[in-house]
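Here the sequence shown is numbered in our numbering, starting from 9 and rising by one per residue.
Take a look at the structure below.
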Amino acid sequence: MNDFPEGWELYDPVPRNPEGRGFWLDRVVFDTDSNGRPCIYEPGELIVSQSTLETKRTRDRIGWFRGEHRLFGDLVLLTEVDNVVARARDIRAAGGQAQPNHVLFADSFTGGWVHGNPASFGNPASFGNPASFGNPASFGNPASFGNPASFGNPLGYPGLGGGCCSDCYGTWQPPVGPADVPRKSLALAVPPPPAPTVDPGVGKGVSVRIIDTGLATDDYRPAFLTNDECAYSDRVDVPNTDDDGCIDTTAGHGTFIAGIIDRMAPAANVRIDRMLDTFGVGNDADIGYLIAKIALEGPPDLLNLSLSGYTEDDQPPMVMTEAIRLLTGRGGRSRLGGYGSRSIVVASAGNSSSCRKAWPAALPDVISVGALSPTGPAWFTNFGPWVKACAPGVDIVSRFFERDPSLPEPPEHIPRDSTGSPFEGWASWSGTSFSAPIVVGALIQRHHLGEPLGKAVRSLIYDPRLTRMPGLGAIVNVHP
C-alpha cells in the first residue's frame with residue numbers, strides 16, 4: 009500500500025448528492041447487523057479486497073455486479089451488487105474480506121432522534137428553545153429529556169434500560185423514517201462574540217485539512233480566515249439546496265468548523281475538502297479514498313473529521329481504516345516532531361448517548377473526542393474506553409452564513425434560523441462535531457508554545473497525570 013495502482017485517478021470521489029438535492033434518506037439503505045444493531049450503507053455497493061475478488065471460491069459468492077473500481081492498496085469497490093449485507097457475510101464466512109460501503113454523517117444518525125449534533129438534539133434551537141418545541145417545562149426541562157441523569161449519561165444510571173452493551177446505560181435506538189429526522193438546520197443566529205485574544209501568530213507553519221461540507225460560497229461566506237496563505241477547495245457549501253426555504257440540515261457545517269480553528273489558530277494553513285453534502289451524508293469508500301489521496305499527495309499536520317457512523321457488526325470501516333493508517337505513517341515522523349506519525353487525525357465521537365463504537369473515531373490511530381457541557385458530560389455525547397478526550401460541545405459559537413446585502417435576492421432566501429432571525433455571520437451550535445476542532449486548536453496552541461505537535465498530543469491527551477472524565481478521556485477545557 010505504498011502507492012495507488014496505475015489508473016487510480018479513474019475513481020474520482022465526489023459527494024454522491026453533489027447539489028444536495030433530494031433528502032438523503034431517499035438514497036441510503038437501512039439494515040441491521042447480526043446483533044440486531046442498525047447499520048446504514050450505500051445501496052448495491054460492496055467493498056472487498058483484491059485478493060478476495062481474485063479467489064474463485066469467494067468471487068462466486070459475490071454474485072452479479074456491474075462496476076469494479078480500484079481504490080488503493082488491496083481495496084476494490086463493487087457496485088450494483090444485490091443483497092449487499094448477505095453477500096458480505098457470505099464472503100467473510102468463506103475467509104474473504106468484504107463489507108458494505110457504510111454511510112457516515114456529519115450529524116451522527118442514531119435513530120429516533122438525531123442527538124446533539126449540529127443539526128439536532130443538543131442545540132438551543134431545537135428541543136429546549138422556547139421558539140421551537142416551546143415550553144421549558146417539556147422537552148428542554150432538566151427534569152425531562154435533556155438531563156444528563158436521564159438520557160444516556162456517560163457515567164450510567166441504574167434503571168434506564170435500553171443500553172447499547174451490558175455495562176452501560178446508553179440509549180441506542182433503531183433506525184427511523186424520514187418523518188423523524190430534522191430536514192432543516194437548527195443552528196441559532198447569534199451576535200458576534202468578543203474578538204479572540206489569541207496571538208495572531210498561533211498556527212504559523214501548521215497545516216490543517218478538514219473533510220466536511222466544504223466552505224460557504226462567496227455569496228454567503230462571512231469575512232474571516234485571517235491567514236492569507238490559507239488554501240480552500242470546493243467552495244460549494246450553500247444554505248439551501250432543495251429549494252424548501254429552509255437551511256439544509258448540515259449546511260454551513262464546514263464553515264463553522266473552519267471558524268473554530270481560525271479563532272484558536274489564526275495563522276494556521278487550512279484547507280477544506282467537501283465530501284459531505286448539505287445533509288451531512290458521506291460514505292467509507294469516498295472519504296477513505298480522499299484521505300489516502302491526501303496522504304500520498306502531501307499529508308497535513310492535522311486532519312479534522314467531524315463525522316461518524318456505525319458499521320455492520322461494529323467492525324472498522326475497511327477503506328477509512330487503511331487510509332488513516334497510510335496518513336498517520338505507522339512509524340513515520342512528522343516534520344513538526346514525531347511520536348510515530350506523519351499526520352495527527354482528530355475525529356468527533358458521535359452524538360448517540362451511546363458507548364457503541366463510532367467510526368472513524370474509534371480507530372486506534374485517531375484522537376476521538378467527546379463533548380462537555382458547562383456542568384459535565386454533554387447529554388448527547390458518545391462515550392466509552394475508546395474515547396480519548398473531551399472538549400466543550402454545547403452552545404459553541406462560530407462563523408456561519410452571512411448574506412451579502414448588496415446582492416438582490418428575495419427576503420425569503422436570506423439564511424435564517426428556526427426562529428426567523430437572519431444569520432449575520434455567526435451561529436450557535438452543539439455537538440461533538442465542534443469538540444473535535446477545539447482539540448485541533450488546542451494542539452496547535454501547545455505547538456505555538458514550543459512543543460512539537462507529537463509531544464503536544466502526549467501532554468494534552470495521553471499524559472497519565474492528566475485529569476480524566478470516566479468514559480470521555482482527558483479533559484481539554486478550552487473554548488474558541
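Here a beta-carbon is modelled for each residue, glycine too, at the ideal position from N, C-alpha and C.
The structure presented is a predicted model; accordingly, all values stated were derived computationally and were not measured.
{"Query": "Proline 230 to valine 244 span [Cα, whole Å]", "Result": "14 Å"}
{"Query": "Exposure label - threonine 427; buried when at least 16 CB within 10 Å", "Result": "exposed"}
{"Query": "Length at least 3, wholly inside the region 300-345: the beta strand (DSSP E) runs in chain order", "Result": "310-313"}
{"Query": "Whole-angstrom distance between alanine 379 and proline 385, CA atom to CA atom", "Result": "6 Å"}
{"Query": "Buried or exposed (CB count within 10 angstroms, at least 16 for buried), glutamate 305", "Result": "exposed"}
{"Query": "Nearest-angstrom Cα separation, counted from alanine 101 out to glycine 449", "Result": "44 Å"}
{"Query": "Residues bridged to asparagine 291 [DSSP beta-bridge criterion]", "Result": "Val111"}
{"Query": "Exposure of leucine 315, with buried meaning 16 or more beta-carbon neighbours within 10 Å", "Result": "buried"}
{"Query": "Which listed residue (Thr221, Asn248, Asp309 and Met328) has its alpha carbon closest to that of tyrosine 318", "Result": "Met328"}
{"Query": "Distance, isoleucine 280 Cα to isoleucine 452 Cα", "Result": "17 Å"}
{"Query": "Residue closest to arginine 35, alpha-carbon to alpha-carbon, out of Leu474, Asp285 and Gly296", "Result": "Asp285"}
{"Query": "Residue nearest to asparagine 291 in terms of C-alpha spacing, selected from Gly44, Asp41, Phe38 and Glu50", "Result": "Glu50"}
{"Query": "C-beta contact flag for valine 402 and serine 438 at 8 Å", "Result": "yes"}
{"Query": "Contact with chain D by serine 376, beta-carbon distance below 8 Å", "Result": "This model lacks chain D altogether, as it is built from one protein chain only."}
{"Query": "Beta-ladder partner(s) of arginine 424, from DSSP", "Result": "Pro430"}
{"Query": "Cβ-Cβ distance between serine 351 and glycine 260 below 8 Å", "Result": "no"}
{"Query": "Counterpart residues of threonine 40 in DSSP-defined beta bridges", "Result": "Pro46"}
{"Query": "N-terminal and C-terminal residue of the alpha helix (DSSP H) that alanine 399 is part of", "Result": "That residue, alanine 399, is in no alpha helix (DSSP H); its beta strand (DSSP E) goes 397-400."}
{"Query": "Three-state class that DSSP yields for histidine 487 in the structure shown", "Result": "coil"}
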